[in-house]
Structure formats: C-alpha cells, structure tokens
Amino acid sequence: MSISLPKFQLIWIRMVRKSQRPIPIRTVLIIPFLLQIFGAVGIVGWLSFQAGQKAVNEVVGQLQNEISARVEQNLEAYLAIPEKINQTNLNLLQSRILTFQNLTQWEQYLWRQVQIYPDINFIKITNAAGQERTGEQLGDGSLRINVVDTFTNSDFYSYKTDYKGDRTEVATIVKDFDTRKGVWYKDAVKAGDATWSSVYLSLLEPTLLMSALLPVYNPQTQEVQGVLNTALRLDGIGNFLNRLKVGKSGQTFLIDSDGTLLATSTLEKPFLVVNNDRQLFAALKSQNPLTQATANYLNQTHSNLREIKQGKELEFIWNNSRYFVKVLPFQKGKTVNWLILVVVPEADFMEQINANTRTTIALCSLALLGATLIGLFTTQWIVKPILQLNIAAKKIAQGDWEQKVNLKRDDELGQLAKSFNSMAKQLKESFTILEAKNEELQHLDQLKDEFLANTSHELRTPLNGIIGIAESLIDGATGDLSPQTNSNLAMIAASGRRLSSLVGDILDFSKLRHQNIELELRPLDIRAIADAVSILSQHLITQKNLHIINRIPVDFPLAEADENRLQQILYNLIGNAIKFTPEGIVEISAIILPKGNKSQIAITISDTGIGIPTNKLDRIFESFEQGEGSTAREYGGTGLGLTITKQLIELHRGEITVESEVGIGSRFTFTLPIAENAVKTPTEKRVKNPLQPQEINTLLSINSSFVQPQINPSSEVIKILIVDDEAVNRQVLFNNLSLHQYAVFQASNGEETLELIAKGLRPDVILLDVMMPKMTGYEVTQKLREQFNQTELPIILLTAKTQVQDIVTGLNMGANDYMMKPFAKDELLARIKTHVNISRLQTENLRLATELEVTRRLQQMILPKPEELAAISGLEIVGFMEPAEEVGGDYYDVLETDGVVTFGIGDVTGHGLESGILMLMAQMGIRTLTEIRETNPIQFLTILNNTLYKNVARMNVDRNLTLAILNYYQGLLTVSGQHEEILIVRSDGKIERIDTMDLGIPIALDENITEFINSITVELKTGDGVVLYTDGITETFNLNKQQYGLDRLCDVISQNWQHPIEEIKQTVINDIVTFRGEEKQFDDITLLILKQKA
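Counting from 1, position 1077 in the sequence shown corresponds to residue 1076 in numbering that gives the first Met the number 0; the numbering is continuous, with no gaps.
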C-alpha cells in the first residue's frame, strides 16, 4: 500500500498552492512542522490516557477476532480441498475419461493425485459392487494403492508402490472388507449429495481423518453407481493452530458439538490409546490444564453446545487469574458443526500496556519541547543563505557576472557558496570563448559530414555503373564475346571493385579514428553468416583451384555482434586468405573458448597460402602495412583492411591473433562474446548461390536500345520497374535482370514513374534511385504509398549515400528495403526474390485475418449477457466492448457467487491472436477460482498469475495483462490488482479516483507476485457507483493527434450520473465516437458501469 501524508499536511500544501500571494519558505517549513508535533503530542497523550482504561479488552478482543477469523478462513480453505478433488473426479466420470467399471485405470491417477495435496490422507472411489481403489499417502510420505476387488476375494489389500506408481508388495490385508457396509458409504447414499463424514481414526496410521463424500448416480436410472471419498488429515489443523501466537501463554483449540477435542495449538494428540485401541476423548479430559478448565467452563454455561449459533466473547476466573474466551461456531453442510475457542490470559497484556502508557507520555512531552526549539533554529539556519544564493543567481541569469556570495561558514551551504562564486567567475571567462568555438566546430563538422557523404555518393555512383556493365557483358547480356574482350571486361570489373573497396576502407577508417561507428548488437548465427560471406567471395576464386570450406557446426551457439560489421570482418579475412593462396583451401572454423566466468567464441580463418614472415607478424595490423614491396605490387591492396578489421573486432570486446609459416599458410583467429539468453532460430542466408547464366532463359531481347515491354504481361512473369536518372545505372540493372526471366520496365525520373503507374502498370518490385532531379526517391515513395501499401507494391531504394539518417528517412517514407551502391548483383537478385515472395504471402495473411475474426467473435461470446447482469440483485450493471481491428485482448466479466458479486477487468499487452488467447485463459481462470470460493485476494491473484505465467512461457510470447478484481458484498467493495484508475462515483456525481499501481503488478510478468498484491475496501451507498474501463478509451486519438484522456471521461460521467445507467453508457460511447471522428481505433474499447440500487 502507498504511504499517504497526514490529512492536515495535505490541507496545508493545498493552501500554499492556492494562495494568491507567495508564502515565504520559512513559514512553509515551520508551520506544518509545529502543527504535526503539536497534533501528535496532543493526540498521543490523550490516547495514552484512554488506553489505560480499556487497553486489555480492546487488545484481547482484536487478537481473538483476528485469530478466530484466521482459523475460520484456514478451515474454509482446508475443507475446500477434498470437495474440489471429488468434483474433479466426478468430471472425469461424467466425461467418461474414467469409469466405475474399470477401476484399474484409476490406480495411477489416484496415486499421482494424492501426492499433489500433502494434507490429504487418501482419495478413494468405490462402485456399487463394493469394489474400490484408493491412492493413499501416509504420514511418513510413503504411498500406497489400496484395492478391494474380485481378484482379492473382497479382502482389503494395501500395496506399497514403486517410483512409477505400480503396485509392489502387500503391506496390509483386512479380511471380508465390504465398503458398502461402512457408515460413511451409507451416510453418503442417504444424503444423496455431497456431504461430510464424522471424524474417525485412520485404519493404517495414528491420525484423525474426516472424509468429503460424493455419491454418483446414473443419470437415466438414478441408481447409485458409487461413492467418491477424499479423506482429510486433521493433524494439519493442529499444526496451523500451533503456528498462531496467542499472547504469551494463550491457546486455540477446536471441538465438535459433542465437546470432543479435534485439534489444539498445544499439539496434544486428540486420541487415547487404551489396550492398543485408539479412542477420541472430550476436551474435559484433556491433559492440558487450561484446555480442560476452558472446556469445563463452557459446559457449565452451555448445557447444549449445539445451541451456539454465533460468536461469543466470555470471561472466567481460574487459579485467581482472569481469562478471555472467544467462541466462534464453524459449520459446513449438515455434518460439520464445530466450535473454535481462543483463550487469552489477561496477565499477558497488562504489564506491558501500563509501562507503555507511562513511557509514551514522557517521551511525547520531551519531543514536543525539543522539536519546537530545533524547528525554529533549523529554519532560520537554512533559509538565510538560500535567499542570498537566489538573489545572486537571478542577477547572473540577467547577465550580471559580477556577483559574489559571502557566507562565513564551512558547512555544505558554505561550500555551495564558494562553488557558486567560482562557477560565476568561470562562466564569465568561458562563455564568450565557448560560444565562438562552438559555432566554428559546428560549421567544420557540417562541412566534414557533407564532404564525406557527397564524396561517397559521387564515387560510388560511377563505380556501380562500371562494375555492373562489365559483369553483365561478361555474363552475355549482348551476346557472346571473344576471350580477349571478356578478359578486358574482367579487369575493368576487378579494378572497379578494388576502387569501391578502397573508398569503403577509407570511410570506415575515418569513422573509426573519430569513433563514429555505432554497433547494432544482436544474437547472430555465425555459420549462416560465414556461408553468406563464402558465397559473396566466390567471384574471387574463379581463376584459382581453391575451395572455401565452412566447418562451423550447425548447432553452434549464437554470437553477440553487429551483422554488417561481422560480414565485413569475415569478408576482409577470407578475401585476404584467397588473395594470398594460389591453390588449396580456405577453411572457416569456430570453437568455444573459456574466459573466466564467461565464455567466448573463437573464429578461425586458415589457408594454405604463401604465409607471412615472422618479422612481419607484429606489424600487419598497422595502417597501410602491406609487407614487402614485391608482395604489395603482386597482390595489391591499401593496407587498411586488417587495420579496420582489428578495430572492428575490438569494438565487439574481442581480439585478433595470427599464426603463420612461410610456404605453409596462415591462421587468423578472432573472438566474439557469446549471446546470452538467445534462442537459435533458423536463419535464411541473405545471399543465395549464384545462378549460372546457362540455366537462364531470358524473356527480353537484348539490344543496344531498350524496348519497353507490354504494360500487362502474363501474371506469372515477375515485373520489375527500374527508376534512375543515370542511363548507365539503368543499363546495368537491365542487363542483370534480363537474364533472369523478368519483365523489365524503365523510367528516368519520378514523374515518368507515376505516369506508368497511372497507365495501369503494377510492377512486383520497384528499384528506385534516391538522388534524382525533379522528384527524389523519397518523394516518389511517399506519393506511391498514398495509393499502395508495402505489401501491394514493394520498393527497394538504391543509394550511394551511407548516412544512417538517409536510410531511416527512406524507410519512414514507406520503402521496403535499401541497398547501397555499388552492390553485388546476386544480393540484388536475392532481395528481389525475397520481396516478391513476401508480396505473394497475402493468402496466408487472409488466413491469419480469419483467425483474428474467430478470436474476436469468441471475445464477444464470453462477455456476460444483459439478462445475466439484470439478474444480479442490489446493483444496476451495464457493460460495453468494441474490439479494434486487431484483437487487443480486453477483458471484463461479472458473476455472482453466494451473494458476492465479482467484477474482473483487464487488458493484455500487444494485439492479435496471442493477446486474445491470453484473454480467454484469464477469463477461464478467474471464473474457476471464483467457483471454488477463493476469496483471499493474494491467494486468488497468485494462483492465477502462476497458471498464466507458465502458459505464456509455453506459448513463447511476450505478453502480460493488467487486471483488477473487485468483490462487492452488501455495500462494501474490495479492490485488488493493478489496472487503470478506478472511478468511484458518489450519488451527487462527484468522482473519487483510486490509483491501483500499489495493489499489484501485471499478471504473467513475473513468476512470483505475492509480495506486490494488496487490496483496499470502499463503502458504497445508495446511488453510488463504480466505472471501470481500459486504456483503449483514454488513449483514443483523433485526426489532430489529440488524446481523449481520463479527465474528459470523468467529466462526461459526472455530468450524466443522475440519468439511467444505460443512458450514461451510451453517452460515453457517443462522446468517444464523436471525438475520434475518422481516425482508426487502435485498441479495444471496454466500459463497465455499476450503480447501487436503493
């Protein structure tokens, strides 16, 4: 529960806030301080005087009421367990999962069932033929299966069991054991419904038992089919009573209406052993003197204990001492008629209460005097220097830097004054310099960013054209070429790739120097990424007898890394291995490397190449280091690749090492952290195996001039629209795509694109350049998104800009994907295929939409019907729910049990099918707990949370729900659980808002929530009511992005509270709809209103 301020202090704060004139801080500090002290001293002094007069009766009465109530509540819960078990077994019989005819099937079920409940001695099923099966758990924890059947000749056999629940050796045999002749069997049949047996002693061990009995009848013939019997140990009641502390020497015990002792907090056994025969005895014969004396007094004052129908508070004198007795009857059905007795000696409380009274008065007087003096001094000591600092600060804020605060003190305020003076001086000196330098640095930083971005764009755009056209010509885009021509084109492509790599290395090197690279860490599948990089590196080995082998296991743990940077690391290392290996293999492997308390992944790229001289190993990671001059000339490169690789690995909190031998090969090993708590899922490689040109049948004629295909070719042909103002870029893409059976369309700017779409062109994918005249790619994307969503018309942006903000802008405009120039043609083809496949998954989406519709209908079906609400006496109740387009998981329910009306309202996080399922589970759980009469809010929400937490974990989804449970009984409303604020509306329309944040936490968020659950109780009078709602109402938005809000909801309810409850509901809903206008409803709307009748 939250801690609230004293009422008079809250009143004082409101007075200060509402005051028209500012109140000095001295007054604000001292007045409430003195009021609290004076009030506390006066009240405590008066209470101390009054407490001396009636301390004993009040304390003892409270203690007795609390203990008797706890005993009564425990007995209710204790006796509910056997009834619940019988009902469960009856359900099995009614559903014919188990039957009376085949009792063998019951053995392992009863054996397992009895283990769930430690207070249950046995669970038995007996049919009309006298055959029975029993699962029994003895006091020492051993388990038995008891059998009476034809194969035992109607004898009682008690078997020991093994760990699987199978019968082993016979432990006990009772001859001629006919259950039907037992009193409990006859009583059950005679009762005709669920009942309880009388208290009896166990057949197999010394303990008191009492059985919950349930006869089962044939629904057609109404003949008895058998009886369900669940035996409860009564020694558990004694253990519970023993744990209760009743003063220093008080006690609690339980007797039946005949005075027989059933259980006691003294742990006295409630039976005697006479000639090896165990017998019950009356409390009058107890071995405990106080128990005996209390029972004797009760018999003297009440000749017939059955006449005690309500709680009584008695007193008696024994051994010259006064004792208080609380007698509370406890009844359950027609059989259970017990008395709970709580006995408290007066002497346990008098001494301490008298001493406390004297001490309290003395301490309060001293506190009053001391606090008054200290308060006056402290207020003056604090306020004066604060006022001086405030004046000086205001002058500095106005630009007057010549300020100095003189405080002749060395405490915290004195140090603050010195710091203030020093700060003022430094501010004066630094302000002008900082302002000038800030402007200069901002200008230089802007120039640098623009230079790098523009340089990257200007270099990458022509490179993309050079590489793309060369590769398309080699692939045969214009027909077969001579070997010499192909060789020259290959050189052009290789030179372009080298230049592109150089540009990328220089940019990365610059970012690393200025620490501008930010990693996007997430769990990654190392093997899948190594496969993708291996495929991208295939073009490097076309002229070599070389093989790349990936030996990383499929089930290898995930690494925590940035995916793009990890690909760059692997591409650099594998590229170097290929470059310096004329023939042989390049192998990728990985192992787990222990390192302290945490393990790391060690990834190795080894080759059979020329190796590195030993004297060069310590310098290969330095910038622009390439080894000997002859090696550099033969293999090329900038000398930045390994430098960048090393720094990227160190950004991942890893390190890189190298081992090499000239003529044998090299081994580069680097480490990465293992991803914690990550679940490995199948990863689709981003780069597919390169398609062989001879396997392709093109749909287009490759000519020097491009011919636009028909607007509407066959629906099975994939249509690609290329949009780029650079003709060379369009030709590159056309050459690549024309070889793969795509219908290719072209546009040179955004206006041509929109014109083609207006004429009816519906491409499967648009490849859209960002930097174009007239309309940028962002603007074209925005225009297209006004007509088509991302599934209907996928757009891939092609850009040479490398700034993260540029990419984010494109995605925000509605693009599906982006690729930076120059890009690998195989990656482009893979991206195109991916987005085409996504677009063609609409049928699957329709199926999912059907599932959501089913869930939405189920959500409406389980809501309480109007006739059910109307049948609840004492209250007017009306409810409303409107699901959003996606099921939001809102829930409300109303049900009445034994005169208690239970209201539940909740909201599941997220949307969709999973949220709807969790809502259904919550509704079922709440109804079940209410049906079994679980009234304790802590136990109620704990059981519900445990069940839903396990189900959510099994579903493997991230869902939870806010949930409030309200119980109404005869004008009292008890609230528990965390949800939205609850509105208590008084008969005059005034609204009190109850914050439920301290009454619990969301359900299924954590496995154990018991410590967070609290409850409060509110009294409702005639005309008072309650309004419950979900955040779908308060968080409703209109087209102006304004929120409906709780204040508006309160105003509507308050203004209309005198109207009929149905009219109030409709007024609220109409107001929400009017406020929302044409805006989409993103969350379920739920409203529940109740008003107490006259």
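Ideal Cβ placement from N, Cα and C applies to all residues, glycine included.
Around the beta carbon of G924, a 10 Å sphere encloses 16 or more other beta carbons of the protein chains shown; the residue is thus reported as buried. Taking the Cβ atoms as the reference, L97 lies roughly 10 Å from R132, outside the contact range of under 8 Å.
Restricting attention to A560, S665 and E582, the CA atom closest to the CA of P612 is found in S665. Under DSSP, no beta-bridge partner is assigned to M774. Residue pairing for E991: DSSP places it in a beta bridge opposite I983. Straight-line measurement puts the Cα of N145 at about 11 Å from the Cα of W105. Within the stretch 728-798, the runs of alpha helix (DSSP H) at least 4 residues long that lie entirely inside it are, in chain order, 749-757 and 776-784. P205 carries a coil assignment under DSSP once its states are collapsed to helix, strand and coil. Between M774 and D724 the beta-carbon gap is near 10 Å, outside 8 Å, which marks them as no contact.
DSSP places M812 in the uninterrupted alpha helix (DSSP H) bounded by V803 to M812.
Membership of K1090 in the beta strand (DSSP E) is indicated by the continuous run I1084 to Q1091. When secondary structure is reduced to three states using DSSP, V245 falls in the coil class, being assigned neither helix nor strand. When DSSP states are grouped into helix, strand and coil, G38 belongs to the helix group. Put simply, of N575, I1052 and I1008 the residue whose alpha carbon is nearest the alpha carbon of I981 is I1052.
In this structure, the beta-carbon distance from L720 to T644 does not fall below 8 Å. The stretch 249-264 makes no contact with the stretch 170-177, as fewer than three CB pairs between them are under 8 Å.
F744 sits buried, since 16 or more C-beta atoms from the chains shown fall within 10 Å of its C-beta. In the three-state reduction of the DSSP assignment, T460 falls in the helix class. Between V769 and L796, the gap from beta carbon to beta carbon is short of 8 Å. Our two residues, N217 and Q224, have alpha carbons roughly 6 Å apart in a direct line.
Assignment of L1019 by DSSP, reduced to helix, strand and coil, places it in the coil class. In the pairwise beta carbon analysis, the stretch 162-171 is classified as not touching the stretch 183-190: fewer than three pairs are separated by under 8 Å. I1060: not part of any beta strand (DSSP E); member of the alpha helix (DSSP H) spanning I1060 to R1075, first to last residue. One alpha carbon belongs to S533, the other to F787, and they sit about 37 Å apart.
A1093 and G873 have their alpha carbons spaced roughly 8 Å apart. Residues N571 of the same chain have their beta carbon placed closer than 6 Å to that of G640, with the five preceding and five following residues left out of the count. From the listed residues E314, K1020, N614 and E750, the smallest Cα separation to L783 is found for E750. When DSSP reads this structure, A963 sits in a beta bridge with I904. For the pair H301 and L940, the Cα-to-Cα distance works out to about 42 Å.
Per the coordinates, the alpha-carbon of I861 lies some 18 Å from the alpha-carbon of L960. Membership of L1027 in the beta strand (DSSP E) is indicated by the continuous run G1024 to Y1028. Inter-residue distance for D148 and Y158 is about 13 Å (C-alpha atoms, whole angstroms). By the neighbour-count criterion, in which 16 or more other beta carbons inside 10 Å mark a residue as buried, F1011 falls on the buried side.
A straight line joining the alpha-carbon of G988 with that of T194 spans about 49 Å.
When secondary structure is reduced to three states using DSSP, P328 falls in the strand class. Under the three-state reduction of DSSP output, S598 falls in the strand class.
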